[in-house]
Amino acid sequence: MKEQVVKTRRKKEEIAVADDSIFIKGARVHNLKNIDVSFPRNKLIVVTGVSGSGKSSLTIDTLFAEGQRRYAESLSAYVRQFLARMDKPDVDYIKGLAPAIAIEQKVITRTPRSTVGSMTEIYDYLRLMFARIGKTISPVSGRVVKKDDVKDVLEAIKVLKEGSRVFILSAFKTHRNRDEREELNILMQKGFSRIYVSPFSATQKENAAGKGTTYSIEDVLSNPDDFKKAFKYPENVYVLVDRIVAKEFDEDDEHRLGDSIGTAFYEGEGDVYVEVDGEKILHFNNRFELDGMSFEEPSPNLFSFNNPFGACPVCEGFSMVLGIDEDLVIPDKRLSVYEGAVAPWKGEKLGRWRENFVKAARHFDFPVHKPVADLTKEQYRVLWEGNSYADGINAFFKEVEQNLYKVQYRVILSRYRGRTKCPECGGYRLRKEALYVKVHGAHIGELSEMPIADLKDWFNRTSRDFTDFEKEVGKRILIEINHRIDTMLSVGLGYLTLNRLANTLSGGESQRIQLTRSLGSNLTNSLYILDEPSIGLHPRDTFNLIRVLKELRDLGNTVVVVEHDEMMMREADHIIDMGPLASHLGGEVIAAGNYEQIISNPKSLTGKYLSGELSIDAPKKVRKWNSSIIIEGARQHNLKDITVEFPLNVLCVVSGVSGSGKTTLVKHILYPGLKKLQGEPTDKVGFHKAIKGDVESITQVEMVDQNPIGKSSRSNPVTYVRAWDNVRDLYASQPLSKIRGFQPKHFSFNVDGGRCDACKGEGEKIVEMQFLADVHLTCEVCHGRRFKEEVLEVQYKGKGVFDVLEMSVDEAIDFFADEKSILTAIKPLSEVGLGYVKLGQSSDTLSGGEAQRVKLASFLGKGRAAGKILFIFDEPTTGLHFHDIKKLLASFNALIEQGHSILVIEHNTDVIKSADWVIDLGPEAGDAGGYLVYEGKPEGLKKVKESHTGQFI
C-alpha cells in the first residue's frame, strides 16, 4: 500500500496517510481544534471519548455533512431547494470521501401510518408476494376465486370424450330500451346467424324446456310462432357462437376455437357457456367472481394501507377510529360481570342490563363470577356481542345511540367514547377484499401481527410446501424477506411485530431498524456513520450487532461508529479517542489506533478505563430500605401477571434483555399509575391489579429523558436551572443600572428592553439561501453580543452581562463566589460533570447525555425543598463515557442523600453493579419474556442461571 505524506501548517511533524483512507484536514466544527484525522477505508472504526468531546461534530457534522453536501451539489438547484440543507463544515479539505449514510439515534418518523414493516421494507416485499402468489378465498364457501380465460375453456373442451357434441354459447341479453327483436337484428348485423334454446337456464341451471333447439335468427324474426317458441323461457336463450365435435384438435382447430371463445366472452360480457351433448352445461367467466360476490384482483396496492385503493375505508388505514373504548367501558378487568365490571351497567335503570345478562348466563355457561381479565376470547366476545339468550355491551350502546335526543344518553355516550380498534378491518388497516387473499392459510394482516421471530418460523415452514410456480415466482421475494428478517433477529429485534407503529419505538430500536434497511440494500463502497447503535441493547445482543456491522464492512463499506461500549471497542479495527475533556476543553484527537494501542497510550482516558487503571467501583455496602411501592398483577403486553416491589430511597435498577418488558413495567404501568394516583393528567395506564405500598410518601414522579431542554435557540443551561433570574437581579442592582433605570428585564435576551433590537437577542442573523445552506451572520449592530451597548456597560467585577454568558460553569462558580443564590443554582451543573459547558451555550448544541444531566442538575439545585421525588431514568448512560457514568452515579447518590428515590431502566453493567436493588425481567424477549427472573441485591443476580444479565456482571 502506497503512502503519501501530508504536511500540516500547524505542526512540523508529518502525518502519514494511506492512499485509500478518508483524510480530514483542519476540522474546526463546533469545538474541534483544527484537527487532522484519518479514517482507514473498509474498516470498522469506533470514535469514542467523553460526552461533549467532539465525537458527533467530527462524524455527523463534518464527515456526513460534507458527504451529503457533495451529493446535493450534484443535483439541480430546483431539486436542492426541497432537500434538508446541511451547513458546509468548517474544514480545510476532506480527501477520499465516499457517499455517506448516517444512521442516527432518534425516532426518524412521527407519522401514525409508518410501521416497522414499512421501515424495514419487509411489508413491501410481503405485498408483492401476496399480489403474485396469494389465492383469493371466498368467505362464503371457502373456495379459491379464480378468473377464467380462453385457455381455461379450451383445456376443458380438449379433455371431453371424443365425439361429444359441443356448443359454445353466450347468454342472450336485452339491453336498455331495446326489445328482443331489436337485439336479434343487431346480432345479425354482427354476423351471428343462430340462437340456441337450451334445456339449461343460465340462472336456474335446471331443465326447463326439454330438449335444446337451434333456431335461425332470420326464421325467428320472420315467423311469429318460432319467436314465441324461442322466447317462451327467455333465460334459456343463448347466442350460438360456434358448434364442434370433440376430437384431437390440431393447431388450426385450436386457433378457430380460441377465436370463437374470445368472441363468446366479449358478447356475453365476460360469461361463456359450453353445452356438452345437451346433457350438461359448463359456465366460465373472466370476471373475478364467486358465490355471487365480486372480488378485487390482487395487486401490490391492494395490500397498502398508505394507498387509498388498499386502505380500510372506515379508518383510512390508521387502524383506530373514534368509537366505544373498551378500557373505559371495563376500566377494572379484575372485577367480574356480577361485581359490576361493565361500568355503564349501573344504577336502577341501566343496571337491568347487568341483571338480564347474569340471569341468562346459565343458558350458555358464561362464568359471571370470573374476572373479565380471565375470560376466554370467545367469552369476552359474547360479553360484547351477546347471543340469542342475552344482549351484550354492543346492544346496550345501540340503544343509547337511538336515544341521543335525551341529554342523559348523550352524556353516557361521550363518557365512553375514545380511540378504539376499527370494527370494519379489525385493526388490520386494509379493506376486507385484501384480507380474503391468503398464502397457505394466512392473510397479510395475520403475518403483520406475528413477532419477527415467529414470522421467520412461519416462512421456514410454509416455503417448504410451496408449489413449483410459487417457488419460481417467490424465489427472489423470499431471499429479500429472509435477509431482512435475519438482520432484525441479529440486532435483537425479534420481539417486534411488523404492524408496530414507528413512533412507539425507542431511539435505539429505530436506529437498528434503519440498519436493517441499509443492509438490505447491499450498497458497497459507502461510508456508514452510526450514532451509538448499542443503545437499548443488552450485552447479549451487542455481540450479534457487532457481527452485523462487520457484515456491512465486509460488503466493502467503511463503518464509523460513535460508541462507548467496551465490547464494540475490542472488536473494532481502528479506534479514535477524542478529548481530553469536553466542550472547549476537548475537540482534539488524543489517541488513534487499534485496541492495544489505545490501552497503552498514557494520554487516553478511555484506555485507562479499558485497561482497568481507572474503574467504576461498586459501592462497598448497599443501602437498606424501609418502604417501597408494589405493582401487583402486571399483565400489559408481554408481562406475565407479575408482582414487583420497587424500594424507595435507594438506587433501583430494572434490567433484562431488549423486549423483556422493562419499558412496559416502568413507563406504561408504574409512571402513569403513580401520576393517576396523584390526580395528575397522564396517558392510559397499562393493565395491572393494583399499585400498593408507601405511595403517599412520594410527592412527585419525574421522568428524566434525553430530549432537548428547550426548543428555542435562546434556551441554554443557565436559564434552565433558573440561575439567570438571580444574575439579572444582581446586574439590575448595580449603581449604573439604578441611574439608568434598568430593571431585571433589561438583562434578558428573551424580551424586548435591553436585548439588541436588530437580532432579537440571538447575536446573529440567519439569511435564507433557498437551495443553499442558510448563512449565519454576526449581528452588525451588537456584533454578536446580544444586548444593547448601554446595557453591556453595566458591569459586576469588571464583567458585563454578555461576558457572564461566555463563561464556563466552573469559571462562573469562581466568579460568583460571593453570590450565594447564583452559586447554589449553578453548582449542581458542575457536580453532574458539566463544568465545561458555557452558561449561554444554546441548548440545541447539547448532546442527549448533556441535556439529561442539565435536567438532573436542576433537580439537585432544588434540594430537599422539592419534597420526596421518585426519579425515573430510561437508559441514562446513553451517550456517556465511563468517566461520565462515574459522575452520573455520584449525582444519583447526591439525590438519594437528599431523600429522593431513583429508578433506572438500564443495560450498563457498571450501573447495575452500583445499584442497591436489581429487578431483572426476562428471561427472553417478546412472548418468552415478561417474567420476574430476579429481584434483590446485585450480587445475588450472578447466581441466577436463567438471567442473561447475571452472566455479564
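So for the sequence shown, the UniProt record's numbering puts the first residue at 1; every next one is plus one.
Heads up, the beta-carbon is just placed ideally off N, CA and C, and yes, glycines get one too.
Leaving aside the five residues before and after residue i along the sequence, list all residues of the same chain whose C-beta is less than 8 Å from its C-beta, in chain order.
i, result
"D152", "F284"
"A156", "V274, L282, F284"
"S858", "Y720, V721, R722, P828"
"N726", "E819, S821, I822, A825"
"N893", "L651"
Alpha carbon to alpha carbon, what distance is there between residue j and residue i?
i, j, result
"K675", "S57", "39 Å"
"N42", "S526", "9 Å"
"V944", "G929", "16 Å"
"E572", "S615", "This sequence places Ala at residue 572; Glu is not what is there. Distance between the alpha carbons of A572 and S615: 21 Å."
"L160", "T136", "28 Å"
"T949", "L870", "25 Å"
"P876", "V904", "8 Å"
"S222", "N185", "11 Å"
"R256", "N286", "19 Å"
"K247", "D259", "18 Å"
"K11", "L523", "With a pLDDT of 38 at K11, under the threshold of 50, the modelled position of this residue cannot be trusted; read the value that follows with caution. Approximately 38 Å, taken between the alpha carbons."
"D884", "R484", "36 Å"
"I481", "L126", "8 Å"
"V150", "F172", "20 Å"
"Q514", "M488", "10 Å"
"S627", "F23", "58 Å"
"K228", "V220", "8 Å"
"F543", "E297", "45 Å"
Within a Cβ cutoff of 7 Å, which residues of the same chain sit near residue i, ignoring the five residues on either side of it in sequence?
i, result
"S658", "G492, G536, L537, H538, D541, A925"
"I393", "V329, V342, L383, W384"
"H900", "K868, I869, F871"
Give the range of the beta strand (DSSP E) segment to which residue i is assigned.
i, result
"H574", "574-579"
"G593", "588-593"
"L530", "527-531"
"N356", "First-last for N356: 351-360, but that is the alpha helix (DSSP H), not the beta strand (DSSP E)."
"V237", "237-245"
"D271", "271-276"
"P647", "642-647"
"residue 980", "Absent from the structure is residue 980, since the part of the chain shown begins at 1 and ends at 953."
How far does the alpha helix (DSSP H) with residue i in it extend, from its first residue to its last?
i, result
"L829", "820-831"
"E811", "809-815"
"N726", "724-732"
"G262", "251-267"
"L545", "539-554"
"A390", "A390 -> no alpha helix (DSSP H), and no H or E assigned at all."
"T188", "At residue 188 the sequence reads Met, which differs from the Thr that was named. Run containing M188: 180-190, per the alpha helix (DSSP H) assignment."
"T462", "452-463"
"R194", "No alpha helix (DSSP H) holds R194; the beta strand (DSSP E) holding it covers 194-197."
"R410", "407-415"
"N522", "Premise fails: N522 is in no alpha helix (DSSP H) and is neither H nor E."
"residue 992", "Residue 992 is absent from the structure shown; the chain starts at 1 and stops at 953."
"L805", "801-805"
If you drop the 5 nearest sequence neighbours on each side, which residues of the same chain put their C-beta closer than 6 Å to that of residue i?
i, result
"L610", "I599"
"F64", "A100, A102, I529"
"T778", "E764, G784"
"F952", "P539, T909"
"A395", "G386"
"residue 961", "Summary: the structure shown does not reach residue 961, with the chain confined to residues 1 through 953, and so no result is reported for it."
If you measure from the CB of residue i, is any heavy atom of the ligand MN nearer than 7 Å?
i, result
"V337", "As for the ligand MN, it is missing from this structure, which has no ligand bound."
Okay, do the region 916-935 and the region 618-626 touch, 3+ Cβ pairs below 8 Å being the bar? yes
Would the region 307-314 count as touching the region 424-432 if we require 3 or more Cβ pairs under 8 Å? yes
On the three-pair Cβ rule with 8 Å, is the region 830-840 touching the region 697-710? no
Does the structure place the region 689-706 close enough to the region 792-802 that three or more beta carbon pairs sit under 8 Å? no
Contact between the region 22-39 and the region 86-94: three or more CB pairs below 8 Å? yes
Validate contact between the region 496-512 and the region 111-129 using beta carbons, cut 8 Å, 3 pairs: yes
Sufficient close CB pairs (3 or more, under 8 Å) joining the region 365-382 to the region 320-335: yes
Evaluate contact between the region 543-563 and the region 577-587, counting only Cβ atoms and requiring at least three cross-stretch pairs below 8 Å. no
Contiguous alpha helix (DSSP H) assignments of at least 4 residues, all confined to the region 279-321: none
What are the start and end residues of each continuous alpha helix (DSSP H) run of 4 or more residues lying completely inside the region 632-681, in chain order? 671-677
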